[in-house]
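Peer 1: Residue numbers for the sequence shown follow the working numbering, beginning at -10 and rising by one.
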Amino acid sequence: MLTRVAQTEQETGRGEDGRPRAYRIAELAEAAGVSVRTVRFYRERRLLQPPRKEGRITWYGEQHLDRLRLIAELLERGHALGGIAELIGAGEDGRDVAELIGLQAALVAPWSDETPVHLDWDELRAAFGDQLTPANTAESVAQGYVTVHPDGITHVSRRLMDATVALVGEGVPLAAVLDVSRRAAEYADAMADLFVALVHEHLLGALTRVQDLTPAEAARLTERIQRVRPLARAVNDAQFALAMDRRVRAEYDGLTAE
-10 MLTRVAQTEQ ETGRGEDGRP RAYRIAELAE AAGVSVRTVR FYRERRLLQP
40 PRKEGRITWY GEQHLDRLRL IAELLERGHA LGGIAELIGA GEDGRDVAEL
90 IGLQAALVAP WSDETPVHLD WDELRAAFGD QLTPANTAES VAQGYVTVHP
140 DGITHVSRRL MDATVALVGE GVPLAAVLDV SRRAAEYADA MADLFVALVH
190 EHLLGALTRV QDLTPAEAAR LTERIQRVRP LARAVNDAQF ALAMDRRVRA
240 EYDGLTAE
């Protein structure tokens, strides 16, 4: 457990004499919440700056601790070590890493806010009865929505799972629901491709790496991406609703035609 003096040093970054805090590798690892092996690994990958040497002793400073915390934050956001190395390299070239991180976050942030749901086998049998067949289960897994566990399944989307259960409850065969789900996913992928191409052509232009942007360019592009994201969803929702209006009206007219 840290003593009060050690806690103060970590909070301020300075020792009792007011000089910048210096860490041995084990102390640095403890302060950053990682293992000594991880620190050495980051040094080998050149993600961490070289330490200061005094004879056979190596000393680390606050800049090393800040770097370890930055790496941890980027890993938590889903960045790979290769991408982190590029971002850090951009920062060492004098560019603002925060702006580049913000742009990457805007570009790759999840669009869905779906909540996974777990159902055990008894719940599944109650919902689907004899339609809970190996073929239907295999199709669900193949579509990428379902993971099978010994005690049941996990579906990536509670909303989709609830809709599936409700449709089957209304008398629609589970196999038919899964067939529509597969085809709907294909159309959804096509819509996503259209919007990705739109953004790439008209917003990203000739950009091949976000690390090539200046901080000001990254900040401006981040703001534009954040404004466009809800517009893409709004267009997709409106197009689907209007298409349903047209199809349902045409279907109704066919049923009432003399």
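The beta carbon of each residue, even a glycine, is placed where N, CA and C say it ideally should be.
None of these values were measured; they are calculated from a predicted model.
With respect to the alpha helix (DSSP H) encompassing Val157, which residues constitute its N-terminal and C-terminal limits?
Peer 2: 147 to 158
Peer 1: Hey, how far is the Cα of Val25 from the Cα of Ala18?
Peer 2: 5 angstroms
Peer 1: Are Leu36 and Ala74 closer than 7 angstroms when you measure CB to CB?
Peer 2: yes
Peer 1: Taking 7 angstroms as the cut-off, decide whether the C-beta atoms of Ala116 and Leu57 are in contact.
Peer 2: no
Peer 1: Going by DSSP in three states, Leu108 sits in which element: helix, strand or coil?
Peer 2: strand
Peer 1: Taking only three categories from DSSP, how would you classify Thr126?
Peer 2: helix
Peer 1: Do you know how far the Cα of Leu54 is from the Cα of Ala131?
Peer 2: Cα to Cα, the separation comes out at about 44 angstroms.
Peer 1: So does Arg213 have its beta carbon nearer than 6 angstroms to some heavy atom of the ligand NAD?
Peer 2: With respect to small molecules bound, the structure shown includes none, and the ligand NAD cannot be examined in it.
Peer 1: Could you check if Ala207 is buried or exposed, using at least 16 other CB atoms within 10 Å of its CB as the buried criterion?
Peer 2: Around the Cβ of Ala207, a 10 Å sphere holds 16 or more other Cβ atoms; the residue is buried.
Peer 1: Taking only runs that begin and end inside the segment 194 to 246, name each unbroken alpha helix (DSSP H) of 4 or more residues, in chain order.
Peer 2: Counting whole runs of 4 or more residues, the segment 194 to 246 contains the alpha helix (DSSP H) stretches 204 to 245.
Peer 1: According to DSSP, simplified to helix, strand and coil, what is Gly83?
Peer 2: Residue placement at Gly83 cannot be trusted, given a pLDDT of 48 that sits under 50; what the coordinates show is reported in the next sentence. Coil at Gly83, not helix or strand.
Peer 1: Ordered along the chain, which non-local residues of its own chain (more than five positions away) have a Cβ less than 8 angstroms from that of Gln120?
Peer 2: Val157, Pro162, Leu163, Ala164
Peer 1: Comparing C-alpha positions only, which one of Met180, Arg34, Pro39 sits nearest to Ala69?
Peer 2: Arg34
Peer 1: Identify the continuous alpha helix (DSSP H) that holds Arg32 and give its terminal residues.
Peer 2: Secondary structure note for Arg32: its alpha helix (DSSP H) is the uninterrupted segment 25 to 33.
Peer 1: Taking the alpha helix (DSSP H) that Arg171 falls in, what are its first and last residues?
Peer 2: 163 to 188
Peer 1: I'd like the list of long-range same chain contacts for Val154, defined as Cβ closer than 7 angstroms, with 5 residues on each side in sequence excluded.
Peer 2: Ala116
Peer 1: Less than 6 angstroms between C-beta atoms, sequence neighbours within five positions excluded: which residues of the same chain meet that for Leu63?
Peer 2: Ile73
Peer 1: Taking only the alpha-carbon atoms, compute the straight-line gap between Arg235 and Asp102 and give it to the nearest angstrom.
Peer 2: 29 angstroms
Peer 1: Where Pro248 and Arg147 are concerned, what is the direct C-alpha to C-alpha distance, given to the nearest angstrom?
Peer 2: Beyond the ends of the chain as shown, which are -10 and 247, falls residue 248; an answer cannot be given.
Peer 1: In angstroms, rounded to a whole number, what distance separates the CA positions of Asp151 and Ser170?
Peer 2: 13 angstroms
Peer 1: Based on DSSP bridge pairs, tell me the residues matched to Ile142.
Peer 2: Leu108, Val137
Peer 1: Within this structure, are the beta carbons of Val137 and His144 separated by less than 7 angstroms?
Peer 2: no
Peer 1: Out of Gly71, His191, Phe30, Ile77, which has the shortest C-alpha to C-alpha gap to Gln52?
Peer 2: Ile77
Peer 1: Using three-state DSSP, classify Arg41 as helix, strand or coil.
Peer 2: In this structure, Arg41 counts as strand in the three-state DSSP scheme.
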